[in-house]
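Letter by letter, the sequence shown follows residues 425 to 997 of our numbering. All C-beta atoms in this analysis are idealised placements derived from N, C-alpha and C, irrespective of residue type, glycine included. Input: a single structure, listed below in structure tokens.
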Amino acid sequence: MFKPARWHRLAGRSTATAVPGDAGSLILDHVSDGVLIADMRLRGHPIVQVNPAFETITGYSAAEVIDKNCRYLQGNDRLQPEIAEIRAALAEGRSCAVTLRNYRRDGAMFRNALRLEPLRDHEGNLTHFVGLIRDVTHAAGIDRLTGLLDRYALLDRLAQLELSPGCALLVIKLDILRFHDVNNGFGYDVGDALLRAVAARLATLPAAAISRADSNNFALAFELDDASRAAGIVEGVLDLLRPRFILPGTSLAVQFAAGFTIGLACAEPLQLVRQAGAALQRSKATPGHSPHPFAASDERDARNRIRLANELQTAVSNEELLFHYQPQVDLGSGVLVGAEALLRWNHGAFGLQSPARFIGVAEETGAMMEIGAWGLRTIAAYAARVNQRRDTPVRFAFNVSVIEFLRRDMAAFVEQQLEETDCQAQWLTLELTENLMIPEPDDMRRSFEQLRRLGVNISVDDFGTGYSNLRYLERFPLSEIKIDRSFVRDVAHSAAKRVIVESVVKLGAALDIQVVAEGIETEAERTIVQALGCSVGQGYLFAPPVVESQFEQWLHDGFAPCGGWSSSGDIHP
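Here is the structure:
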């Protein structure tokens, strides 16, 4: 049996600080919890006794904690709203129970379900407080990885909040952008470390509730006495997350998307969280990913996304997907040498949808695998039919999701489609958006090598907009890079853009990689990129994306660029 004699007691302490006898029964009732006793009659209310369970939970020995105030367990995390409740209970000499973040001797955070009980002498004077400590880090309602509330406990916490008169509740949702790249490139241990590091920073905020709501998604709630402060608080949260995260073996600068909403005391917690989530989706879809306040249109768009996700599952079987084709031309001769196949979804209710509207949903729901397989089969069969009687074949480029490389043997799958359609490998170019390729797993690089041995071309789309661009040219067996339209647009008026385009073209020539300039819209842009050494271009100056029948008409009758442009550079009416 656990006996008070086993308790650690400071040697030489006077009898004035001895624990009253009735504390023994309380201790015996809670032997599985950590227990500390603080003497309220001494300055600083020092700890005078702890039990072995306390040492086990916190990692501190009795000798290290005796004579300390118990707030040392909070470390620097002093802005937790639960601390105000503890202070009030100590001042008023009453019981209280809270769950707050505490920190072990090694710095690891744990969720402490703390119960405080006052002890009084026979005259009713407060003499001691007994603290009962229980580690609930892995308890129901607590996210095991970060120690924050999970999404269910978040809703419970929001429902329990009693806002002061005239106050409102600010709910923020945050998303770590490109988090899957961290897991795939650095490993899940680094991804987990990043989540813990983000949680640790968020835990320093004076929030009414902090939650890891999903895989790489966090939610926070703040009580506001002035709703106009909401945007400033959101910016403050993002500022806190802006410095690089130091992780095992690396350091990362991480970008976050953020959405937020403001609700009154009577607002339904689930509705507020949904609204913040809808605003977050808008932030993720906005260039620059600036924080987005909730608007009614966000909720409508969120419902539409759910509908799109459901209906994407049958888009292939219902034959609702199709390609539009935008010509790629030789900048010297004006001859059509290839085309980019641009995916479209002819949705029955929403009409023709661009990839920007549904590809992200397809990747999140897993529908991308079926869509990608359909796309490859369709383009291979189309290339085989178009080039069947052509002396000079047309090459077809189309975007492939990185998810396909991660979830299927891409080289074997492509080879199978080539055999079944009689398509020549050199007629196909697989494009991957640059910002989806980093960090690069070794198995993806091997897939690229196998595809190049088959003769399939590999292109990096939007080159220059992602991370570590030049590393691709060294690590990957690329056959083509596409200069992003942002560098081509207004190149006639930007010396910096001309230098960038020329540098990419020279690198391509040195490494035997074809360079394609996309987004050419004016004759001045065409003239300059050609003069800088780029041989192939794509853009509305030559032709917009067109349906299959129009593209085949061009192949049959001869392609004439829009506006009558010719190799001489003249524009004919």
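Considered as a whole, the region 903 to 945 harbours 904 to 907, 938 to 942 as its complete beta strand (DSSP E) runs of no fewer than 3 residues, in chain order. Counting C-beta pairs with one atom in each stretch, the region 620 to 631 and the region 573 to 584 have fewer than three that are closer than 8 Å, which means they do not touch.
With respect to Glu828, Gly796 sits close: the two C-beta atoms are nearer than 7 Å.
In summary, Leu935 is exposed, with fewer than 16 beta-carbon neighbours lying within 10 Å of its beta-carbon over all protein chains present.
Straight-line measurement puts the Cα of Val915 at about 42 Å from the Cα of Arg653.
Annotated three-state conformation of Glu541 is strand, per DSSP. Comparing C-alpha distances from Leu704 to each of Ile596, Ser973, Asp846 shows the shortest one belongs to Ile596. In the DSSP annotation of this structure, Asp638 is not part of any alpha helix (DSSP H); the continuous beta strand (DSSP E) holding it starts and ends at 633 to 638. Note that the region 677 to 690 touches the region 707 to 725; at least 3 beta-carbon pairs, one per stretch, sit closer than 8 Å. For Ile596, the enclosing beta strand (DSSP E) has its first and last residue at 592 to 600. Between Asp574 and Asn641, the C-beta gap is not smaller than 7 Å, which leaves the two residues out of contact. Under the three-state reduction of DSSP output, Cys520 falls in the strand class. Across the set Asn607, Arg922, Ser707, the C-alpha of Ser707 shows the shortest separation from the C-alpha of Asp725. Annotation: Ser456 to Ile557 spans about 9 Å, alpha carbon to alpha carbon. Under the three-state reduction of DSSP, Thr816 is assigned to coil, being neither helix nor strand.
In this chain, the alpha helix (DSSP H) harbouring Ile657 covers 654 to 665. Under the Cβ criterion (8 Å, minimum of three pairs), the region 806 to 818 counts as touching the region 844 to 852.
Sixteen is the threshold: when 16 or more other Cβ atoms of the shown chains lie within 10 Å of the Cβ of Glu735, as they do, the residue is buried. In this chain, the beta strand (DSSP E) harbouring Gly775 covers 775 to 777.
For Ile566, there is no enclosing alpha helix (DSSP H), since its DSSP letter is neither H nor E. Counting of Cβ neighbours within 10 angstroms places Tyr749 among the buried residues, the total reaching 16 or more.
Looking at the backbone, the Cα of His771 and that of Glu743 are separated by about 10 Å.
Taken through DSSP and simplified to helix, strand or coil, Pro470 comes out as coil.
Pro589 and Leu856 have their C-alpha atoms some 54 Å from each other. Its Cα nearest to that of Ala739, the residue Phe782 stands out among Val560, Val697, Phe782. Under the criterion of beta carbons closer than 8 Å, Arg922 and Pro901 do not qualify as touching, at roughly 29 Å. Here Val880 is near Leu852, since their CB atoms are less than 7 Å apart.
A contact is defined here as three or more CB-CB pairs under 8 Å, and the region 538 to 558 meets this definition with respect to the region 512 to 522. Between the alpha carbons of Trp978 and Ala941 lies a gap of roughly 21 Å. For Ile952, the CB contacts under 7 Å within the same chain, skipping 5 residues up- and downstream, are Val915, Ala916, Arg922 in chain order. Secondary structure in the region 475 to 509: the alpha helix (DSSP H) runs of 4 residues or longer, each lying completely within the stretch, are 476 to 482, 486 to 489 in chain order.
In this structure, Leu644 keeps its C-beta atom at 7 Å or more from the C-beta atom of Ile657. Around the beta carbon of Gln752, a 10 Å sphere encloses 16 or more other beta carbons of the protein chains shown; the residue is thus reported as buried. For Gln752, the uninterrupted beta strand (DSSP E) segment begins and ends at 745 to 754.
Check the Cα spacing between Ala919 and each of Lys930, His546, Leu956: the tightest is with Leu956.
The beta carbon of Arg539 sits closer than 6 Å to the beta carbons of Ala521, Leu556 from its chain, once the five residues preceding and following it are set aside; these are given in chain order.
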